[in-house]
Amino acid sequence: MAYHNRFNFDDPQDSYWNENGSAASSIFDDIRSKQESARVALDDLFAETPRPAQVNTPKPTTSTARPQQPPDPNRYQHGSGYQGRGERPTPKFMLNEPELRKDVSNVSIAPSECSFSSLPSESQQLDLDFSRLRAEHRKLQRHCEALRADRFRPPDISETIGRLFKNEPVSLDLYKSKKDKLALLDAAISFVDGNVILAVVIYIQRTVSEAIFREVLLERPEAAEEYVQYLKDWGTTEELTNVFNVMGRTADAAMYDFKLAMGAKTVHQRMAQLKKALVASFLDPRLSAEQTQIHRYINIVDRQQQIEVADSTDRSKKFTDFPRHAPLLGQPAIHTLYYACLYHYDSPPTSPDSPQQIQDLCGLNEKQLVWVSVGALVKQNRWPDVERSLSPRGLIGAITRSTGANLKSNYIPMDQLMRLIHAESGQPPKDLICRLLRSLPTPEERLMLAEKYMATEVVIECTQQMKERQRLEVYTNKLPPHSSDHYKALAALNNSGAKWK
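Sequential numbering from 866 applies to the sequence shown in my numbering.
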């Protein structure tokens, strides 16, 4: 309503300025042309006004003229059917000449609204326009003074937050004091809109000192998260790291530097950034474990580079039978160990490319070494080495190999080991499968895996031990007729010395 009163004139004398349309007057209109138009309109008005009836003065007549008879009242009535030729009807009521002249003189002398004297003169019209223009100027001047006085006064905080949310232009520079800025930030946080919070945080960061800004981020984690995400998307690495350090989040700063280093395009760039991150971000004692892992990764990459240089010129049979599909540089630790077991299993333990050296360098345990080495050896069909890797070191003898009691089957679940052996090789030796299955503690487990992988000797042993003749008969029917395993199963069924249920 206030804005309406500022730009509309409610006083009666100011109605001139509230007119709209093409007919509204303006101070730029031609006064002379309007006066001429008024005169023409007035002339037309008088031209269209009906004139009074003329009075005919009777001429003197002679004595021979016939006497005048009184007129018949019904003769000149409307619709009487008078058909006289050359004669005009006279009105029923005649005006007296003195009264008529008196009325005509009154019309010509009395002033009216359409007379020339009622039109304002040019000077009067200019004075009227000037007075109205001056009134309008005063109101506009008062409005400008009010705006000038309010231009440095900040608007209401809720109004500012609403304009920010609607993406409307708003000036935050009017909030000068720290109290106003913090109140504005609290209102933005309570509004729960990330863009509004970020706009206020950036304004505060630009207008306050670093110590105050750090205090603001520490006390308001919602604002800190929005600012950190903004720096991750659009800021620089150094700026984001500084913000993490200012907030005391050294672990986040270190992990962010590590992530950037691992995202480098080349291995050499990755190593350079990792070494830089170790010096800059991993100095916190709480990050000693992470620092150790990064040192280990750098050492692994250096060892991979040494092995890659040596193997790139090697033309031995193992590289011909199993060609390399990708360079070793930059591969994970497990892949590096598999590479060493596949191409350098026979290297001396002190050689840099031996599986034992790679295991120690990568910090892998014995179970991981056994699993990876078995997979690499099975691929090459090196079954004695597979059994040796599953047996205790230095205790491989005839008794150990025959009984299988000391095999390292506890390192790996037996079903996974059987799956690995049969996946990497088409048909492993039956005696090796039987020795591995005999290392299981219970006959039920041995019998289940023996039936699955067709270890007939173990099936016969377990069914005789469990006295399950019917189960042995079912297994015998699954075997190919006239095969060695089929004859062994029939011999066990026909054994008269066996005891069954």
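Note that the Cβ used here is the ideal one computed from N, Cα and C, for glycine as well.
Computed from a predicted model, the values in this text were never measured in an experiment.
**the region 1022-1042 / the region 1060-1072 touching (three or more Cβ pairs under 8 Å)** = The region 1022-1042, when compared against the region 1060-1072, does touch it at the 8 Å Cβ threshold.
**Request:** Helix, strand or coil for VAL1057, going by three-state DSSP, please let me know.
**Result:** Looking up residue 1057 in the sequence shown gives position 192. The answer is coil: DSSP assigns VAL1057 none of H, G, I, E or B.
**Request:** Count the CB pairs spanning the region 1316-1324 and the region 1335-1349 that are closer than 8 Å, and state whether there are at least three.
**Result:** Taking 8 Å as the limit for Cβ pairs, the verdict is that the region 1335-1349 does touch the region 1316-1324.
**Proximity to TRP1236 [Cα-Cα], best of SER1256, MET1112, ALA1076 and ALA1129** = Counting from one through the sequence shown, the residue named residue 1236 turns up at place 371. Distance check between TRP1236 and each of SER1256, MET1112, ALA1076 and ALA1129 places SER1256 closest, using alpha-carbon atoms only.
**Prompt:** If you count every other CB in all the chains shown that lies within 10 Å of the CB of GLU1252, and 16 or more means buried, which is it?
**Reply:** Counting from one through the sequence shown, the residue named residue 1252 turns up at place 387. Per the 10 Å Cβ criterion, buried.
**Request:** Apply the 10 Å Cβ neighbour rule to HIS1347 and answer buried if 16 or more other Cβ atoms are within range, or exposed otherwise.
**Result:** Start at 1 with the first residue of the sequence shown, and residue 1347 comes out as number 482. HIS1347 comes out exposed.
**Item:** Inter-residue spacing [alpha-carbon to alpha-carbon] between ILE1298 and ILE1223
**Value:** Numbered from its first residue, the sequence shown carries residue 1298 at position 433. Numbered from its first residue, the sequence shown carries residue 1223 at position 358. The straight-line gap from Cα to Cα measures roughly 29 Å.
**Request:** Ignoring anything shorter than 4 residues or poking outside the region 1226-1263, list the alpha helix (DSSP H) runs there in chain order.
**Result:** List check, alpha helix (DSSP H) in window: 1231-1244 and 1248-1255.
**Message:** Runs of 4 residues minimum, wholly inside the region 1015-1074: which ones carry the alpha helix (DSSP H) assignment?
**Reply:** Along the length of the region 1015-1074, whole alpha helix (DSSP H) runs at least 4 residues long occupy 1022-1030, 1043-1056 and 1059-1072, reported in chain order.
**Request:** Answer with buried or exposed for VAL1239, where buried requires no fewer than 16 other C-beta atoms within 10 angstroms of its C-beta.
**Result:** Taking the first residue of the sequence shown as 1, we reach residue 1239 at position 374. It counts as buried.
**Asked** Quick one: what's got a C-beta closer than 7 Å to GLN1329's C-beta in the same chain, skipping five residues either side?
**Response** Taking the sequence shown and counting its residues from 1, the one referred to as residue 1329 is at position 464. Excluding positions up to five away in sequence, the list reads ALA1357 and ALA1363.
**Message:** Please list the terminal residues of the continuous alpha helix (DSSP H) segment that includes TYR1092.
**Reply:** To locate residue 1092, count along the sequence shown from 1; it is residue 227. Segment 1086-1099, the alpha helix (DSSP H) holding TYR1092.
**Request:** Under 7 Å Cβ to Cβ from PRO1294, same chain only, skipping five residues before and after it: list those, please.
**Result:** Within the sequence shown, numbered from 1, the residue matching residue 1294 stands at position 429. Counting only Cβ-Cβ distances below 7 Å, and skipping sequence neighbours, we find TRP1248.
**Prompt:** Measuring CA to CA, which of CYS1009, VAL1066 and ALA1014 is closest to ALA1053?
**Reply:** Looking up residue 1053 in the sequence shown gives position 188. Nearest C-alpha to ALA1053 among CYS1009, VAL1066 and ALA1014: VAL1066.
**Prompt:** Are the Cβ atoms of MET1331 and PRO1306 separated by less than 7 Å?
**Reply:** Along the sequence shown, one-based indexing puts residue 1331 at 466. Along the sequence shown, one-based indexing puts residue 1306 at 441. Taking 7 Å as the Cβ cut-off, MET1331 and PRO1306 do not qualify as a contacting pair.
**Asked** If you drop the 5 nearest sequence neighbours on each side, which residues of the same chain put their C-beta closer than 8 Å to that of ARG1284?
**Response** If you number the sequence shown from 1, residue 1284 lands on position 419. For ARG1284, where only same-chain residues beyond five positions count, there are no Cβ hits under 8 Å.
**Prompt:** Three or more C-beta pairs closer than 8 Å, one from the region 1130-1145 and one from the region 1172-1181: is that the case here?
**Reply:** Touching, no, given that fewer than three Cβ pairs across the two stretches are closer than 8 Å.
**Asked** Can you tell me the Cα-Cα spacing of ARG1135 and GLU1322, whole angstroms?
**Response** For the purposes of this step, residue 1135 is taken as residue 270 along the sequence shown, with counting starting at 1. For the purposes of this step, residue 1322 is taken as residue 457 along the sequence shown, with counting starting at 1. The C-alpha of GLU1322 is placed about 56 Å away from the C-alpha of ARG1135.
**Message:** Helix, strand or coil, according to DSSP, for HIS1002 in the structure here?
**Reply:** Translated into the one-based positions of the sequence shown, residue 1002 becomes position 137. Correct three-state label for HIS1002: helix.
**Asked** Grouping DSSP H, G and I as helix and E and B as strand, with all else coil, what is ALA1363?
**Response** Within the sequence shown, numbered from 1, the residue matching residue 1363 stands at position 498. ALA1363: coil per DSSP, three-state reduction.
**Inter-residue CB distance, LEU1139 and ALA1126 (contact presumed, cutoff 8 Å)** = In the sequence shown, counting from the first residue as 1, residue 1139 sits at position 274. In the sequence shown, counting from the first residue as 1, residue 1126 sits at position 261. So it is a contact: roughly 5 Å between Cβ atoms.
**Counted within 10 angstroms of its Cβ, other Cβ atoms place PHE1109 as buried (16 or more) or exposed** = Counting from 1 along the sequence shown, the entry for residue 1109 is found at position 244. Around the beta carbon of PHE1109, 16 or more other beta carbons sit within 10 angstroms, so the residue counts as buried.
**Request:** Between the Cα of SER1304 and those of TYR1162, GLN1292 and CYS1327, spot the shortest distance and give me the residue it belongs to.
**Result:** For the purposes of this step, residue 1304 is taken as the residue at position 439 of the sequence shown. Ranking the options by Cα distance to SER1304, first place goes to CYS1327.
**Request:** Mark LEU1282 as exposed unless 16 or more other C-beta atoms lie within 10 angstroms of its C-beta, in which case mark it buried.
**Result:** Translated into positions along the sequence shown, residue 1282 becomes position 417. The residue in question, LEU1282, is buried, as its Cβ has 16 or more Cβ neighbours within 10 Å.
**Asked** Got a sec, what are the start and stop residues for the alpha helix (DSSP H) MET1279 sits in?
**Response** Taking the sequence shown and counting its residues from 1, the one referred to as residue 1279 is at position 414. Unbroken alpha helix (DSSP H) run through MET1279: 1279-1289.
**LEU1301 to GLY1195 span [Cα, whole Å]** = Here residue 1301 is taken as the residue at index 436 of the sequence shown, counted from 1. Here residue 1195 is taken as the residue at index 330 of the sequence shown, counted from 1. Looking at the two C-alpha atoms, the distance is approximately 36 Å.
**Prompt:** Near ARG1336, which residues of its chain fall below 7 Å by C-beta distance, leaving aside the five closest residues on each side in sequence?
**Reply:** By one-based count along the sequence shown, residue 1336 stands at place 471. Once the five neighbours on either side are set aside, the close Cβ partners of ARG1336 are THR1328.
**Pick from LYS1097, HIS1351, ILE1325 and PHE1147 that is closest to THR1115, judged by C-alpha positions** = Here residue 1115 refers to the residue found at position 250 of the sequence shown. Nearest option by C-alpha distance: PHE1147.
**Message:** Let's test the definition: count the other Cβ atoms within 10 Å of the Cβ of CYS1009 and tell me whether it reaches 16, buried, or not, exposed.
**Reply:** Within the sequence shown, residue 1009 is the residue found at index 144, counting from 1. Its Cβ having fewer than 16 others within 10 Å, CYS1009 is exposed.
**Request:** Could you tell me whether the Cβ atoms of GLU1289 and LYS1353 are closer together than 7 Å?
**Result:** Looking up residue 1289 in the sequence shown gives position 424. Looking up residue 1353 in the sequence shown gives position 488. Cβ atoms of GLU1289 and LYS1353: not closer than 7 Å.
**Prompt:** Excluding sequence positions up to five away, which residues of its chain have a Cβ less than 6 Å from the Cβ of SER1212?
**Reply:** As a working mapping, residue 1212 is identified with position 347 in the sequence shown. For SER1212, same chain residues with a beta-carbon under 6 Å away, outside a window of 5 residues either side, are ASP1218 and SER1219 in chain order.
**Item:** Cβ-Cβ separation, ILE1022 to LEU1049 (assumed contact under 8 Å), whole Å
**Value:** Position 184 of the sequence shown, counting from 1, holds the residue named residue 1049. Position 157 of the sequence shown, counting from 1, holds the residue named residue 1022. That belief holds up - the Cβ atoms of LEU1049 and ILE1022 are roughly 6 Å apart, short of 8 Å.
**Asked** From what residue to what residue does the alpha helix (DSSP H) around THR1307 run?
**Response** Sequence index remark: in the sequence shown, residue 1307 carries index 442 (1-based). Careful: THR1307 lies outside any alpha helix (DSSP H) and carries neither H nor E.
**Prompt:** With DSSP run on the structure shown, which of helix, strand or coil describes PHE1147?
**Reply:** Numbered from 1 along the sequence shown, position 282 holds the residue referred to as residue 1147. In the structure shown, PHE1147 falls within a coil segment according to DSSP collapsed to helix, strand and coil.
**Request:** Have a look at ARG1013, PRO1020 and GLU1084 and flag the residue whose alpha-carbon is nearest the alpha-carbon of LEU1047.
**Result:** Here residue 1047 is taken as the residue at index 182 of the sequence shown, counted from 1. Minimum Cα-Cα distance from LEU1047 among the listed residues ARG1013, PRO1020 and GLU1084 corresponds to GLU1084.
**Asked** When DSSP labels each residue in this structure, what does TYR1208 get in the three-state scheme?
**Response** Here residue 1208 is taken as the residue at index 343 of the sequence shown, counted from 1. DSSP, read as helix, strand or coil, puts TYR1208 in helix.
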